[in-house]
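See structure below.
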Amino acid sequence: MKCFPAISKRTMFIYFTLLFLLYLFYALNTCLVDEKKLTQKYLFIKRHISNYKNVPVRFASLLGFHFGEVNKYRISPVPIKRLPDALIIGVKKCGTRALLEFLRLHPDVRAAGSEVHFFDKYYHKGFEWYRNKMPPTLEGQITMEKTPSYWVTRSAPRRVYAMNPSVKLLAVVRDPVTRAISDYTQSASKRPTLPRFEDLALVNSTVGWGGIPSVVDATWPPVRLGIYARPLRRWLRRFPRTRLLLISGERLVADPAAEMARVQEFLGLKRVITEKHFYFNSTKGFPCLLKSESRSTPHCLGKTKGRNHPHIDPTALERLRDFYRPFNERFYQMSGINFGWP
Ligand code: A3P
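Given below as structure tokens:
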């Protein structure tokens, strides 16, 4: 005697399909309604996948192979492009390239090679365009980029916050007087007919002592960019102070290892970049690298970094120092760091 004489194969198929669709509807519904559950499900699946992912590693270690290094840098099977976890937002001519090149020594840091300018010039292209500009990273590695103009872009804090409110921000700052001279030197290298620094930085028909005009032109970009307190206020309106690391450009030259220790701690990285990565090149007058990700021989940053500055009239320098003093004081107060600029 047959148990289910009335049910044909076709009917059973229809029942199963209906049941499956019902389950699918239920599962989707709970996921969509309850985002927390969705995250939990995702984590559950991810945990299981990672368990299986580790099987070959565990098996190999049973056979006596050492995978310590692999585990230390949290291996992931496929590197993928991700939005940045950290940004070097400025300041122009303060040592931003040096900071990025030093950070690149770390195996857990991957950075876009050139400045992306997403938050100032290309925001309209969207986050997918930005993500595509990033290097592929393994899980656990930090994705970074540096674009110094973010520091002074009014909309940048809001836009960066929209991308990720937990992003880590780094800014290198340097004595604004030397920064201005460095900025000018860069422009003069492209335009040899540029007037003297003193003639651009100082204006006024009233000629002061030594034939130097007496008023600092705060509208001239190389001067204006050295007023760090204003952009800092804008960034701190969006981000807590703990999310922004201010790096001394002077210390990055005088003691790169010590400054990089602070940077690694801030980024939650193991301290891998140390004294042994640097040597002082007396010809260049700057610290250089013994080896890096791309080169195994000692090398310095390119010749556009660490240029010789022109001689500037001491009176003009004094005027500029007097001009910046109150702004520097405000910057020290807001940042909680006294950079000790003269
Ligand atoms: P100068 O070329 O005027 O000396 P940025 O990378 O933000 O454009 O900054 C350039 C400045 O970085 C250089 O300005 C230089 O003073 C400074 N710098 C810091 N560390 C350096 C290094 N190890 N090698 C070369 N320049 C360095």
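With my numbering applied, the sequence shown corresponds to residues 1284 to 1625, in that order. We put the CB at the ideal spot given by N, CA and C, even for glycine.
Which residues DSSP lists as bridging tyrosine 1562, in chain order: Position 279 of the sequence shown, counted from the start, is the residue given in the question as residue 1562. BP columns for tyrosine 1562 point to Cys1571.
heavy atom of the ligand A3P below 7 Å from leucine 1535 C-beta: Looking up residue 1535 in the sequence shown gives position 252. True, at least one ligand heavy atom lies under 7 Å from that Cβ.
Sequence-distant residues of the same chain with beta carbon closer than 6 Å to isoleucine 1332, five excluded per side: One-based indexing of the sequence shown puts residue 1332 at position 49. Low confidence applies here, because isoleucine 1332 scores a pLDDT of 44, under 50, leaving its location unreliable and the question unanswered by this model.
DSSP-derived helix/strand/coil call for threonine 1502: As a first step, residue 1502 is located in the sequence shown; it is residue number 219 there, counting from the start. Here threonine 1502 sits in coil by DSSP.
Close Cβ partners of phenylalanine 1622 (< 7 Å) along its chain, the five nearest in sequence each way excluded: If you number the sequence shown from 1, residue 1622 lands on position 339. Excluding positions up to five away in sequence, the list reads Val1456, Ser1531 and Tyr1615.
Pairwise C-alpha distance: alanine 1439 and arginine 1517: In the sequence shown, counting from the first residue as 1, residue 1517 sits at position 234. In the sequence shown, counting from the first residue as 1, residue 1439 sits at position 156. Computed Cα separation, rounded: 9 Å.
Local Cβ density within 10 Å of tyrosine 1413, reported as buried at 16 or more and exposed below that: Along the sequence shown, one-based indexing puts residue 1413 at 130. The residue in question, tyrosine 1413, is buried, as its Cβ has 16 or more Cβ neighbours within 10 Å.
Reduced DSSP secondary structure (H/G/I, E/B, other) of proline 1496: Along the sequence shown, one-based indexing puts residue 1496 at 213. Three-state DSSP puts proline 1496 in a strand.
Status (buried if at least 16 other CB within 10 Å, exposed otherwise) for proline 1431: Against the sequence shown, residue 1431 aligns to sequence position 148. It counts as buried.
Collapsed DSSP secondary structure at proline 1419 in the structure displayed: For the purposes of this step, residue 1419 is taken as residue 136 along the sequence shown, with counting starting at 1. It is a strand residue.
CB of alanine 1463 within 8 Å of CB of valine 1498, strictly: On the sequence shown, position 180 is the one that residue 1463 refers to. On the sequence shown, position 215 is the one that residue 1498 refers to. For alanine 1463 and valine 1498, no; Cβs fall outside 8 Å.
Contact with chain C by leucine 1527, beta-carbon distance below 8 Å: Reference to chain C is not applicable here, since this structure consists of a single protein chain.
Aspartate 1605, buried or exposed, once every other Cβ within 10 Å from all chains shown has been counted against 16: On the sequence shown, position 322 is the one that residue 1605 refers to. Counting Cβ neighbours within 10 Å, aspartate 1605 comes out exposed, since fewer than 16 surround it.
Where the beta strand (DSSP E) containing lysine 1473 begins and where it ends: Sequence index remark: in the sequence shown, residue 1473 carries index 190 (1-based). Lysine 1473 -> not in any beta strand (DSSP E); alpha helix (DSSP H) instead, spanning 1459-1473.
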